[in-house]
Amino acid sequence: MLKVALVVGTRPEAIKMAPIALTLRRTRGMKPLLVLTAQHRRMCDDVLKVFNLKPDYDLDIMKPNQSLFEVTARLARRLESVLRDERPNIVLVQGDTTSTFMGSLCAYYLQIPVGHVEAGLRTYHKYSPFPEEINRKLTTAIADLHFAPTAVARTVLLREGVASKHIFVVGNPVIDALLHVAKMDYPFTDPKLANLDLSQKRVITVTAHRRESHGKPFVAMMRAIKKIVRMHKDVVIVFPVHPNPNVRQSVERMLDGVDRIVLVEPLDYRQFVKLLKISYLIVTDSGGIQEEAPSLGKPVLLMRNVTERPEAVKVGAVKVVGTATQRIVEECDRLLNSQTAYRKMVVRKNPYGDGKASQKIVNIIARHLGKVVCQ
Ligand code: UD1
Ligand code: UDP
348 MLKVALVVGT RPEAIKMAPI ALTLRRTRGM KPLLVLTAQH RRMCDDVLKV
398 FNLKPDYDLD IMKPNQSLFE VTARLARRLE SVLRDERPNI VLVQGDTTST
448 FMGSLCAYYL QIPVGHVEAG LRTYHKYSPF PEEINRKLTT AIADLHFAPT
498 AVARTVLLRE GVASKHIFVV GNPVIDALLH VAKMDYPFTD PKLANLDLSQ
548 KRVITVTAHR RESHGKPFVA MMRAIKKIVR MHKDVVIVFP VHPNPNVRQS
598 VERMLDGVDR IVLVEPLDYR QFVKLLKISY LIVTDSGGIQ EEAPSLGKPV
648 LLMRNVTERP EAVKVGAVKV VGTATQRIVE ECDRLLNSQT AYRKMVVRKN
698 PYGDGKASQK IVNIIARHLG KVVCQ
């Protein structure tokens with residue numbers, strides 16, 4: 348039995364690792380070991396429930412308003428003990444969070460091979476996104492198998508000296524998760540959404556959470572949201588607010604009680620995908636949403652200065668608009684007023700895959716570990 352440990356810390360890791368865990372579960376000769384660091388508590392629990400997954404280990408590391416130092420230190424001690432006891436054949440990490448980086452570092456300290464899902468994303472800006480850009484680079488330095496979502500990511504890894512035989516372009520398993528969930532119609536459980544009258548209204552979904560935007564950029568972004576809703580009487584803004592207290596305080600202070608702005612708790616993945624499907628436009632700083640939106644034909648205005656996902660920009664589905672109030676308002680205005688501009692951003696081609704990434708990843712791991720075991 349080949350034991351594959353999946354380290355999962357935050358909401359996007361849970362969404363992107365869930366289809367891999369499910370594929371491993373039904374693969375003969377392979378056994379997933381789901382190690383939930385719970386860097387995110389409720390948001391990860393919500394995702395695992397949607398996919399009917401239970402962690403084998405729950406490291407329960409989240410504390411309110413945790414610092415990077417605290418998270419890193421707690422992860423080191425708790426991951427060490429699980430990985431020492433279990434000695435998996437490989438540790439799989441996903442993306443760019445502190446759980447991702449520490450998962451790979453702890454595996455390396457125990458000389459366990461590492462597979463990196465969503466490898467090769469870069470902005471080449473050390474502090475944007477922060478600390479994700481460096482988490483990715485450090486994870487690349489440690490990983491043995493690099494699962495690149497696209498040919499662009501593969502090129503990045505080659506340029507950094509990763510051997511071509513260790514890079515596999517497989518797509519991003521977020522599309523596997525999305526296609527699985529998008530088929531379901533699931534009712535909104537929050538009465539604020541369930542009772543929303545959307546006849547004659549256009550929904551703009553907003554999310555924001557990035558650490559490099561906390562403080563002034565956040566205030567500018569929230570001002571823009573407020574202006575947009577005031578300028579367009581047919582617009583309703585639905586904003587699932589990230590539980591990070593730095594985010595929550597700004598959002599609630601500036602937007603709570605504003606007419607046609609609906610602030611809700613983070614939605615479970617089924618309900619969030621439903622919200623995306625009924626949206627006219629998405630305004631966000633999220634990484635994962637840039638990958639999902641092209642499959643749903645929804646334009647994204649990205650409230651960041653740079654992106655590590657140039658493929659979505661190239662196909663026309665995502666536009667990087669920065670964090671300044673004026674520019675965000677102008678770009679929203681354009682998409683609300685001009686059908687020509689809007690239609691240009693409605694693409695149905697997704698550069699991040701076809702929903703088959705998980706199976707490809709599992710096959711590659713089986714081949715690689717098979718070889719290792721036979722030697
Ligand atoms: C983390 C990741 C970021 C990722 C994001 C996805 C790091 C450093 N950051 O950012 O890369 O894009 O997740 O959302 O790895 N909280 C809760 N309940 C939850 C989750 C979070 O209350 O279910 C609150 C807690 O107060 C926690 C805080 O949010 O301390 C911050 O969580 P943390 O994981 O440190 O950072 P994020 O900003 O969520
Ligand atoms: N998401 C969700 N509920 C929400 C908001 C987002 O399930 O209320 C999903 C979204 O579809 C995407 C992922 O969470 O798959 C993105 O998470 P986030 O923006 O927090 O992190 P990032 O992708 O920026 O690291």
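Residue numbers (the working numbering): 348 to 722. Even glycine gets a Cβ: it sits at the ideal position worked out from N, Cα and C.
Range covered by the alpha helix (DSSP H) that runs through residue i
i	result
VAL676	672-684
LEU624	Checking the displayed sequence, the identity of residue 624 turns out to be Lys instead of Leu. Counting along the chain, the alpha helix (DSSP H) containing LYS624 begins and ends at 616-625.
VAL528	520-529
PHE565	563-578
PRO359	358-372
LYS661	657-661
LYS484	479-489
MET449	445-456
VAL461	Premise fails: VAL461 lies in the beta strand (DSSP E), 461-464, not in any alpha helix (DSSP H).
Endpoints, the beta strand (DSSP E) within which residue i is located
i	result
GLN441	437-441
PRO587	582-587
THR552	549-554
PHE515	514-516
VAL693	Per DSSP, VAL693 belongs to no beta strand (DSSP E) and is neither H nor E.
MET390	Element bounds for MET390: not the beta strand (DSSP E) but the alpha helix (DSSP H), 389-397.
ALA352	349-355
THR631	628-631
VAL611	608-611
LEU379	The amino acid at residue 379 is misidentified as Leu; the sequence shows Pro. PRO379 -> beta strand (DSSP E) spans 377-383.
LYS401	Taken as a continuous stretch (DSSP letters only), LYS401 belongs to no beta strand (DSSP E), as it is neither H nor E.
Residue i beta carbon near the ligand UD1 (any heavy atom closer than 6 Å)
i	result
GLU479	yes
HIS463	no
PRO587	no
ASN399	no
ARG389	yes
GLN386	yes
ASN412	yes
PRO402	no
ARG358	yes
PRO564	no
THR445	yes
ASN652	no
PRO435	no
ASN591	yes
Within 7 Å, strictly: CB atoms of residue i and residue j
i	j	result
ASN652	GLY669	yes
VAL611	PRO587	yes
ASP615	ASP393	yes
ALA361	LEU380	no
LYS696	VAL662	yes
ASP581	ARG549	yes
GLU559	PHE448	no
VAL516	ARG501	yes
PRO534	ASN519	no
PRO613	MET409	no
ILE605	ILE629	The sequence as given places Val at residue 605; Ile does not occur at that position. No; because the gap between Cβ atoms is not below 7 Å, this pair is not in contact.
THR552	LEU649	no
VAL503	ARG557	no
VAL693	GLY644	yes
THR370	SER705	yes
ALA671	GLN637	no
VAL354	SER446	yes
THR631	THR687	no
SER451	VAL464	no
PHE494	ALA466	yes
Cβ-heavy atom distance, residue i to the ligand UDP, below 6 Å
i	result
PHE619	yes
ILE362	yes
THR554	yes
LEU614	yes
GLY663	no
SER475	no
GLY644	no
GLY634	yes
Nearest-angstrom beta carbon gap, residue j and residue i [assumed within contact, 8 Å]
i	j	result
VAL598	MET578	In fact, because the Cβ distance is near 20 Å, the residues do not count as touching under 8 Å.
LYS290	GLY442	What is shown of the chain runs 348 to 722, which leaves residue 290 out entirely.
HIS527	PRO366	7 Å
THR486	THR357	Not a contact, Cβ separation roughly 14 Å.
ILE575	VAL609	The Cβ separation is near 14 Å, so there is no contact.
ASN412	LEU349	So it is not a contact: roughly 39 Å between Cβ atoms.
SER642	LEU716	Between LEU716 and SER642 the Cβ distance is about 31 Å, and since that is not below 8 Å, they are no contact.
MET377	ALA664	Going by Cβ atoms, the distance from MET377 to ALA664 rounds to 35 Å, so no, they are not a contact pair.
Residue-chain proximity (residue i, chain C), Cβ-Cβ < 7 Å
i	result
VAL394	Going by chain labels, chain C is absent from the structure shown, which holds only one protein chain.
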